[in-house]
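Contents: one structure, followed by commentary.
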Amino acid sequence: MATAMATIPNSAEIKEAMEGLGLDRWTDDLLDEIELNRRLKISLEQDDRGETMSAEEAERQIKERFANGYYTRK
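In terms of my numbering, the sequence shown has 101 at position 46, counting the first letter as 1, and numbering is strictly consecutive.
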């Protein structure tokens, strides 16, 4: 996940510590896991506040974005 380094506080320190422990090959996976947990927490908080959308609305938005060229099919 390319955004992980930009959004995780202390990611440089985490990376340095993982290298020091000889675990640098798992650093990207760890940072991805931290970022996914952060996003899940935000989503659950939004759900608790009732900030949700129906599956039909989400599907409509995705189809609209495909039609406008926002997403591409590869």
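Every residue, glycine too, gets a C-beta built ideally from N, C-alpha and C.
Review point. When the Cα of threonine 62 is compared with those of Tyr126, Trp81, Asn92 and Met108, which residue comes out closest?
Key: Measuring from the Cα of threonine 62, the nearest candidate turns out to be Asn92.
Practice item. Could you tell me the distance, in whole angstroms, from the CA atom of alanine 57 to the CA atom of arginine 94? Key: With a pLDDT of only 47 at alanine 57, under 50, the local geometry of the prediction cannot be trusted, and the value read off the model is given with reservation. Those two C-alpha atoms are separated by around 14 Å.
Point to revise | Among Phe121, Ser66, Arg115 and Tyr125, the one whose alpha carbon lies nearest that of glutamate 88 | key: Ser66
Check your understanding: Between the beta-carbon of isoleucine 69 and the beta-carbon of leucine 86, is there less than 8 Å?
Key -> yes
Check your understanding: threonine 82: buried (16+ other C-beta within 10 angstroms of its C-beta) or exposed?
Key -> Residue burial annotation: threonine 82 is buried, with at least 16 other C-beta atoms found within 10 angstroms of its C-beta.
Point to revise | Cα-Cα separation between glutamate 74 and threonine 127, rounded to whole angstroms | key: 37 Å
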